[in-house]
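Scroll down for the structure; my scribbles are underneath it.
Number of protein chains: 2
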Amino acid sequence: MDNNYQIVKRVSALIALSDQEFADFFPGELARELQSLLPDARRVRLPLADPADWTRLWQESSPELLISAWQTPSLNSSLSPEHLHGLRYVCHLAGTVRRLIPRELIANGLVVTNWGDSIAPTVAECALMLILMALRRASYWAVAMHRDGKWKDNGTMTESLIGRRVGLHGFGGIARSLVPMLRPFTNQIAAYSPHVPDAVFAQYDVRRVTTLQELFANSDVVVELAAATPANYHIVTESLLRAMPEGGVFVNVARGSVVDEAALIRVAREGRLQIALDVFETEPLPPDSPLRGLPNVTLLPHLGGPTRDRRRDSGALALRNIRAWLRGEPLEAVVTLEVYDRAT
Amino acid sequence: MDNNYQIVKRVSALIALSDQEFADFFPGELARELQSLLPDARRVRLPLADPADWTRLWQESSPELLISAWQTPSLNSSLSPEHLHGLRYVCHLAGTVRRLIPRELIANGLVVTNWGDSIAPTVAECALMLILMALRRASYWAVAMHRDGKWKDNGTMTESLIGRRVGLHGFGGIARSLVPMLRPFTNQIAAYSPHVPDAVFAQYDVRRVTTLQELFANSDVVVELAAATPANYHIVTESLLRAMPEGGVFVNVARGSVVDEAALIRVAREGRLQIALDVFETEPLPPDSPLRGLPNVTLLPHLGGPTRDRRRDSGALALRNIRAWLRGEPLEAVVTLEVYDRAT
Chain A
310 MDNNYQIVKR VSALIALSDQ EFADFFPGEL ARELQSLLPD ARRVRLPLAD PADWTRLWQE
370 SSPELLISAW QTPSLNSSLS PEHLHGLRYV CHLAGTVRRL IPRELIANGL VVTNWGDSIA
430 PTVAECALML ILMALRRASY WAVAMHRDGK WKDNGTMTES LIGRRVGLHG FGGIARSLVP
490 MLRPFTNQIA AYSPHVPDAV FAQYDVRRVT TLQELFANSD VVVELAAATP ANYHIVTESL
550 LRAMPEGGVF VNVARGSVVD EAALIRVARE GRLQIALDVF ETEPLPPDSP LRGLPNVTLL
610 PHLGGPTRDR RRDSGALALR NIRAWLRGEP LEAVVTLEVY DRAT
Chain B
310 MDNNYQIVKR VSALIALSDQ EFADFFPGEL ARELQSLLPD ARRVRLPLAD PADWTRLWQE
370 SSPELLISAW QTPSLNSSLS PEHLHGLRYV CHLAGTVRRL IPRELIANGL VVTNWGDSIA
430 PTVAECALML ILMALRRASY WAVAMHRDGK WKDNGTMTES LIGRRVGLHG FGGIARSLVP
490 MLRPFTNQIA AYSPHVPDAV FAQYDVRRVT TLQELFANSD VVVELAAATP ANYHIVTESL
550 LRAMPEGGVF VNVARGSVVD EAALIRVARE GRLQIALDVF ETEPLPPDSP LRGLPNVTLL
610 PHLGGPTRDR RRDSGALALR NIRAWLRGEP LEAVVTLEVY DRAT
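Chains as they are written, first to last, in the working numbering: chain A, 310 to 653; chain B, 310 to 653.
See the structure below:
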């Protein structure tokens, strides 16, 4: 760990987290490092007993730096521009900040960072698990063994990832974490991502495909990793899903909106694909969703990442960013207006 | 593929498999290679319409070589020593041959091979999947999402393999296949296997531990890979399981008899460990087994390996062995009397 930092100047900081969030994001040594970086920081333990305390806190402390996560109250409702006047940087420990931060604050120069790619390894790990589960029918067997008293028979189908053709839709941080996890099983890895330079494909030794049609038609396993931009809304169509080979595996650990879920349900019901989903168009997934109960569908309740034990990776990124901000150096994982607008 | 073989002499061979077994073990090119190696082989399609045909077949063909798998009738019941007089080599495509071959045939010089370590990669893959599922609580969520209409809440626990200490009980073929699959997640890999030389540990960069107590006490994840020898019967005791750290993961893809299952059930019921099992003391697992229904237990019906699509690896090993046998060269995966006696 790099402890070679200098406090450029003392800043007023507000750490607005629940006790659980603080413990998960800044365990042990990370909490001590945060204390060293921001000796004057005020720590608020959420949730607040009285929501009006949120306004009072801002009046009292008028922080330049806010450290926030899921439990942090919005900067929108109860705070006036006057309260927020001194705020220069929000170091958000989770993903989207749309609930927390009004767009105009960023437009007016507020610096915001989030967990960025620090969660990529755990989401990639989730994708690998879902691939293996779909091939092995592990979700079917979890239900059949626990609830239905079953055992295998001569017709039981099991498949391996060894030697399979894997297609990645998207080639950002998660895909780049996933590639080395796939390597012990297969070298047949392709990706579709129009804006990523050829040099990155070469660096990861991943074959570039130039159309989604080609990706779906020539992959035994497709992993959905595309960003939930307006351009990607329902980009995975029924026609693409039907282009996959018989017995193919479709995994989504990106966002539900990327897939035409009604089409996915139609294809899932036919049983010719194995489908594994961590994300859905409507979350929480409605109790009566037709996806629930299908034997060829693996379901998780949006647990991709970060796992509880790896929230520390976001905490470590936050410490790097706070140190850089104190020194006036560039930050990682900055939530620009472009990032803000495409977040979901 | 090595097609540089010579038929030393024509031998009479009997291929006694079901159509499904033949297609799985010798798909495409492998079937053509088998045909080239054994042009005079007689192929019997199992199951036989009349069990008496088995005796008649041996009278007619008196094979020197038998290619067998799960569906092949026993050499025990309906065949006399006279029928088996010419038999010199049984190339068995599956694991244990105890059901198929009387011990005295091997004692009297019959050469037998089985699938050996050709299945190791798929069993290792199953172990990795079970580790990830246990950490992520994926079996719990499979049941909860499909049958109980649930979604996550603030208390939902998820964990990652990243940076975890993994302990392997056993360091044979499966463990050696598993190590590279674990590397993208962790370098903290230890193993306990008293008879494996230090050089092998060094080759795989795995730390040797000298007692099981040390392995269980200092691993976040323990993978059971020990052979089902008499010495290993119930070697995993309640005391070892209780030595694991809180929240630890115990995976068994070896054999049920290696673990004191009554003790495992007591520990499982307390919920402090995550447990993932592909094998059991009694198989099929009884419908009323207390393991069924526990939320911290992942269950599979002995599907470790090989998966259906990788039975071809056993077929490829069989072709190598048949070619070597025709040339009088040494064989792989030989079922010696020692192997025969410890098989389960």
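Just so you know, even glycine gets a beta-carbon here, dropped at the ideal spot from N, CA and C.
Where residue i meets chain A, residues with beta-carbon distance less than 8 angstroms
i, result
"B:Leu343", "Simply none; closest approach about 20 angstroms."
Chain-ordered neighbours of residue i on chain B, where CB pairs are closer than 9 angstroms
i, result
"A:Thr654", "Lying before the first or after the last residue shown, residue 654 of chain A is absent from chain A, which here runs from 310 to 653."
"A:Met665", "Within the shown structure, residues of chain A are numbered from 310 to 653, placing residue 665 of chain A beyond reach of any answer."
"A:Leu477", "In chain order: nothing, as chain B lies at least about 16 angstroms away."
Cβ of residue i within 8 angstroms of any chain A Cβ
i, result
"B:Trp424", "no"
"B:Pro506", "no"
"B:Leu660", "Any answer about residue 660 of chain B is impossible in this case: the structure gives chain B only from 310 up to 653."
"B:Arg617", "yes"
"B:Gly458", "yes"
"B:Leu357", "no"
"B:Met310", "Since pLDDT at B:Met310 reaches only 41, below the 50 mark, its modelled position is unreliable, and no value is offered."
"B:Glu434", "yes"
"B:Glu641", "no"
Euclidean distance between Cα positions of residue i and residue j
i, j, result
"A:Glu391", "A:Leu384", "12 angstroms"
"B:Ile316", "B:Trp367", "Low confidence applies to B:Ile316: its pLDDT is 48, below 50, so where it sits in the model is not reliable, and the reading given next is rough at best. Going from the Cα of B:Ile316 to the Cα of B:Trp367 covers about 24 angstroms."
"A:Arg629", "B:Glu647", "59 angstroms"
"A:Thr422", "B:Pro593", "53 angstroms"
"A:Ile574", "A:Pro599", "7 angstroms"
"A:Pro596", "A:Ser370", "44 angstroms"
"B:Met442", "B:Leu487", "16 angstroms"
"A:Arg412", "A:Tyr649", "8 angstroms"
"B:Leu635", "A:Phe525", "45 angstroms"
"A:Ile415", "A:Thr645", "7 angstroms"
"A:Tyr501", "A:Asp569", "18 angstroms"
"B:Leu388", "B:Val518", "49 angstroms"
"B:Asn541", "B:Ala535", "7 angstroms"
"A:Leu402", "A:Ala325", "11 angstroms"
"B:Pro539", "B:Val567", "9 angstroms"
"B:Asn312", "B:Gly637", "Summary for B:Asn312: the model assigns pLDDT 46, below 50, so the residue's position carries little reliability, and this model does not support an answer."
"A:Ile376", "B:Thr467", "23 angstroms"
"A:Phe480", "A:His504", "9 angstroms"
"B:Gly395", "B:Glu373", "5 angstroms"
"A:Ile631", "A:Asp362", "26 angstroms"
"B:Val558", "A:Trp450", "19 angstroms"
"A:Ala572", "A:Asp529", "19 angstroms"
Neighbour flag for residue i against chain B, beta carbons, 8 angstroms
i, result
"A:Thr645", "no"
"A:Ser427", "no"
"A:Ala484", "no"
"A:Glu533", "no"
"A:Trp634", "no"
"A:Glu590", "no"
"A:Pro253", "For residue 253 of chain A there is no data in the structure shown, the boundaries of chain A being 310 and 653."
"A:Glu373", "no"
"A:Leu612", "yes"
Chain-ordered chain B contacts of residue i [CB-CB under 7 angstroms]
i, result
"A:Leu514", "Checking the sequence, you will find Asp at residue 514 of chain A rather than Leu. In chain order: nothing, as chain B lies at least about 15 angstroms away."
Neighbouring residues, chain A, relative to residue i (Cβ below 9 angstroms)
i, result
"B:His392", "Ordered by position in chain A, no residue passes the 9 angstroms Cβ test against B:His392, which lies about 28 angstroms from the chain."
Residue i at chain C interface by Cβ criterion, 8 angstroms
i, result
"B:Pro539", "Of the protein chains in the structure, A and B, none is chain C."
Under 8 angstroms by beta carbon: chain B residues contacting residue i
i, result
"A:Pro493", "Pro489, Met490, Arg492 and Pro493"
Segment contact flag, the region 606-622 of chain B with the region 443-460 of chain A, C-beta cutoff 8 angstroms, min 3 pairs = With a cut-off of 8 angstroms on Cβ pairs, the region 606-622 of chain B is in contact with the region 443-460 of chain A, counting three or more such pairs.
Taking only beta carbons into account, state which residues of the region 316-340 of chain B come closer than 7 angstroms to chain A, listed in chain order.
-> Those would be none; no residue qualifies.
Contact list for the region 557-583 of chain A against chain B, Cβ threshold 9 angstroms = Per Cβ criterion, the list is empty.
What are the residues of the region 593-608 of chain B that lie near chain A, defined by any Cβ-Cβ distance shorter than 9 angstroms?
-> Within the region 593-608 of chain B, the qualifying residues are Pro593, Leu594, Pro595, Pro596, Asp597, Ser598, Leu600, Arg601, Gly602, Leu603, Pro604, Val606, Thr607 and Leu608.
When you check each C-beta in the region 401-414 of chain B against every C-beta of chain A, which residues fall closer than 8 angstroms?
-> Those residues of the region 401-414 of chain B that come within reach of chain A (Cβ to Cβ, closer than 8 angstroms) do not exist; the list is empty.
Anything in the region 438-456 of chain A with a Cβ closer than 7 angstroms to a Cβ of chain B? List those residues in chain order, please.
-> Of all residues in the region 438-456 of chain A, Met438, Leu441, Met442, Arg445, Ala447, Ser448, Trp450, Ala451, Val452, Met454, His455 and Arg456 have a Cβ within less than 7 angstroms of some Cβ in chain B.
With a cut-off of 8 angstroms, do at least 3 Cβ pairs link the region 556-570 of chain A to the region 432-446 of chain A?
-> Counting Cβ pairs under 8 angstroms, three or more are found: they touch.
Take every Cβ of the region 616-627 of chain A, pair it with every Cβ of the region 466-474 of chain A, and state whether three or more of those distances are shorter than 8 angstroms.
-> Because the criterion of three Cβ pairs below 8 angstroms is not met, the region 616-627 of chain A and the region 466-474 of chain A do not touch.
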